[in-house]
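Heads up: the sequence shown runs through residues 2 to 246, numbered per our numbering.
No residue lacks a Cβ here, since even glycine has one placed at the ideal position from N, Cα and C.
Before any comments, here is the structure.
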Amino acid sequence: MVQYTSKTVGKLREMSVYTPPGYSSDRKYPVLYLLHGLGVDRRQWTEWCQADIIADNLIADGKIQPLVMVFPNCDTKLTVTDTSAASRSGRADNFEGYRRSFEEDLLKDIIPYIDSHYSTISDAEHRALAGLSMGGGQSLNIGLYHPETFAYIGGFSSAPNTNKFGGMYDVQFIPDIKVAREKLKLLWIGCGTKDGLWWVSERAHQYLNEISLPHVWNVDNNGHDNTEWDRNLYLFSQRIFGVAR
């Protein structure tokens, strides 16, 4: 667990950071930011899911290059002094901590902290953003607005928070299609057919086809569960940052 001062929130916040076996300051590493779902926190990816084990095994098998993974608290209401991830009722005001304030915290506080405290390659082509459920929606919303920061974007069982796909906020899914085509190296949409959010991901996939934006549409028969998210991470991580070296 790492603590950092968020100028965006004005409080001390927490995140978890994975470093690969043999991590050394003599080498520079790409970074994958993984966002959790609604009502939980940074621990979901390593205590419910197996992100660290998946990365260890893929690195050992030579299927991915060593990387740093960052697991932020994606609700800015979560601070060192307020750690309860209260259940949300679904009303717009109760999602506020997941919206713009987290986007600013990620871009202005978290990423600069990671790049200044870890041996990273600090450009878009070596930075990926992905998440599950609400975190998948955040990854799509934030990543598609900032292709200058993230060249790889993944949404697993996502809930993009835009009216176009049944969300609550009047924001564009992709603000600049031309820039997205030019800068994105990978856009990944994954969901299981037994997931209640299946229709959201399918509509996003259909829209991406309509505008001819290249993407991976990964479909299986899982539900809204850890198996689905681990599987998507396993596949997605092998498509980012180029071949293992």
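Buried or exposed (CB count within 10 angstroms, at least 16 for buried), residue i
{"i": "L36", "result": "buried"}
{"i": "I154", "result": "buried"}
{"i": "G45", "result": "Before going further, note that residue 45 is Gln rather than Gly in the sequence given. Under this definition Q45 is a buried residue."}
{"i": "P113", "result": "exposed"}
{"i": "I115", "result": "buried"}
{"i": "D27", "result": "exposed"}
Supposed contact pair residue j and residue i - C-beta distance, whole angstroms, cut 8 Å
{"i": "Q66", "j": "F242", "result": "6 Å"}
{"i": "L188", "j": "H216", "result": "4 Å"}
{"i": "K29", "j": "S120", "result": "6 Å"}
{"i": "K186", "j": "E126", "result": "7 Å"}
{"i": "R128", "j": "P31", "result": "7 Å"}
Own chain partners of residue i with C-beta closer than 6 Å, once the 5 adjacent residues on each side are dropped
{"i": "E105", "result": "T9"}
{"i": "K184", "result": "P148"}
{"i": "F103", "result": "C75 and T77"}
{"i": "G144", "result": "L130, F151 and I154"}
For residue i, three-class secondary structure by DSSP
{"i": "R14", "result": "strand"}
{"i": "V41", "result": "coil"}
{"i": "N219", "result": "strand"}
{"i": "T47", "result": "helix"}
{"i": "P73", "result": "strand"}
{"i": "R240", "result": "helix"}
{"i": "F157", "result": "strand"}
{"i": "L141", "result": "helix"}
{"i": "L108", "result": "helix"}
{"i": "G212", "result": "A quick correction: the sequence has Ile, not Gly, at residue 212. The answer is coil: DSSP assigns I212 none of H, G, I, E or B."}
Cut-off 7 Å between Cβ atoms - residues of its own chain near residue i, not counting five sequence neighbours on either side
{"i": "S7", "result": "R14, D106 and D110"}
{"i": "M2", "result": "E15 and S17"}
Three or more C-beta pairs below 8 Å linking the segment 42-61 and the segment 225-233: Touching, per the Cβ criterion.
Would the segment 19-36 count as touching the segment 56-75 if we require 3 or more Cβ pairs under 8 Å? By the Cβ rule, the segment 19-36 counts as touching the segment 56-75, because three or more pairs are nearer than 8 Å.
Counting Cβ pairs closer than 8 Å, one from the segment 127-142 and one from the segment 57-64, do we hit at least three? Contact between the segment 127-142 and the segment 57-64 is absent: fewer than three C-beta pairs spanning the two stretches fall below 8 Å.
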